[in-house]
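With the numbering used here applied, the sequence shown corresponds to residues 24 to 248, in that order. Glycine included, C-beta positions come from ideal geometry on N, C-alpha and C. In this text the structure is predicted, and so the values were computed from the model without any measurement. Some notes on the structure that comes next.
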Amino acid sequence: MRIPHVTSLSAVNGPELCCVVFFAYCNFKCRYCYNKDLVFPKEEEKALSIEEVYNKLEGCKKLVDYVTLTGGEPLLNDEKELSSFLRKLKELKFKIKLDTNGSSPDKLQILFDKKLVDFVSLDIKTDPTRYFLLTQKEGVVDLILSTLTLLKKSDVEFEVRIPLIPGFVDKKMLNFWIPHLKNVDRVSFNKFIAGRCLDSKFNAVTPLVESEVHTLKTYFEEKTR
Ligand code: SF4
Numbered sequence: 024m025r026i027p028h029v030t031s032l033s034a035v036n037g038p039e040l041c042c043v044v045f046f047a048y049c050n051f052k053c054r055y056c057y058n059k060d061l062v063f064p065k066e067e068e069k070a071l072s073i074e075e076v077y078n079k080l081e082g083c084k085k086l087v088d089y090v091t092l093t094g095g096e097p098l099l100n101d102e103k104e105l106s107s108f109l110r111k112l113k114e115l116k117f118k119i120k121l122d123t124n125g126s127s128p129d130k131l132q133i134l135f136d137k138k139l140v141d142f143v144s145l146d147i148k149t150d151p152t153r154y155f156l157l158t159q160k161e162g163v164v165d166l167i168l169s170t171l172t173l174l175k176k177s178d179v180e181f182e183v184r185i186p187l188i189p190g191f192v193d194k195k196m197l198n199f200w201i202p203h204l205k206n207v208d209r210v211s212f213n214k215f216i217a218g219r220c221l222d223s224k225f226n227a228v229t230p231l232v233e234s235e236v237h238t239l240k241t242y243f244e245e246k247t248r
């Protein structure tokens, strides 16, 4: 488990004010990703020791109830190591939010069985025909569908986030996901931010304008009603 840093206070990473634990490494290499330092951490850069992480989180406990695990992809870590980390956070009386790209439903099921997660954010990025083009990872859509099914069956709160990547999120993409998202209460569309993208070509991509975003959101709402 490699944790480069912990942020003591964030108003945007959790269902409420939270502190954030950033995990290194990801099995996706999303071309628009702006967490290059986490996806490709430099070996010479120091990561926090587990004691340093616990100390920082203990300091946060006075301020927040939630810890958000993000990255990178937190579920890439060894399940036993991750479970023991989460158990310690539970001893510190934190609620736990997990951000995931959805590619590890089996590990998520184990964490659910152990009651170690309170909230999940699942990212859905495009439709099956373009997932590889965007994430550079083959064969993940069935895993993401399994994660979504697991979330819908569980009693753990969750949200689905759709980053608005031009050329990858459009009506065709929504048409694939709409049947799967019909009874999902929380679906948000997140802004694409150019500037620090993993693939520098994406830094030249113009984000969708407000009217395009409005059209997609309205289409989605009408079809999932
Ligand atoms: S956007 Fe998320 S899933 Fe994609 S490479 Fe970055 S950290 Fe991984």
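When the beta-carbon positions are compared, residue 76 and residue 44 come within less than 9 Å of each other. In the three-state reduction of the DSSP assignment, residue 86 falls in the coil class. For residue 213, the enclosing beta strand (DSSP E) has its first and last residue at 210-213.
Under the three-state reduction of DSSP output, residue 92 falls in the strand class. Going by DSSP, residue 142 is part of the beta strand (DSSP E) stretching over 142-146.
The beta carbon of residue 144 sits closer than 6 Å to those of 122, 182 and 184, all from its chain and outside the five residues before and after it, given in chain order. DSSP lists 89 as the bridge partner or partners of residue 118.
Shown here, residue 123 sits in a strand according to DSSP, grouped into three states. Going by C-alpha positions, residue 38 is about 13 Å away from residue 210. By alpha-carbon distance to residue 245, the top candidate from 215, 216, 197 and 219 is 197. Per DSSP, residue 229 has no beta-bridge partner at all.
Assigned with DSSP and collapsed to three states, residue 179 falls in coil, not helix or strand.
Straight-line measurement puts the Cα of residue 120 at about 9 Å from the Cα of residue 36.
Cβ-Cβ distances below 7 Å link residue 128 to 166, 169, 170 and 173 in the same chain, with the five nearest sequence neighbours on each side left out; the list follows chain order. Taking one beta carbon from each stretch, the region 50-65 and the region 214-223 have 3 or more pairs nearer than 8 Å; the two touch. Within its own chain, the residues whose Cβ lies closer than 8 Å to the Cβ of residue 80, once the five positions on either side in sequence are excluded, are 29, 42, 44, 90, 112, 115 and 117, listed in chain order. With a contact defined as Cβ atoms closer than 8 Å, residue 124 and residue 51 qualify at about 5 Å. Within the region 27-72, complete alpha helix (DSSP H) segments of at least 4 residues are found at 59-62, given in chain order. The beta carbon of residue 138 sits closer than 8 Å to no other beta carbon from its chain once the five residues preceding and following it are set aside. Just so you know, the alpha carbons of residue 238 and residue 224 end up roughly 26 Å apart.
Separation of the CB atoms of residue 187 and residue 236 is rounded to 6 Å, and the pair is thereby assigned contact status at 8 Å.
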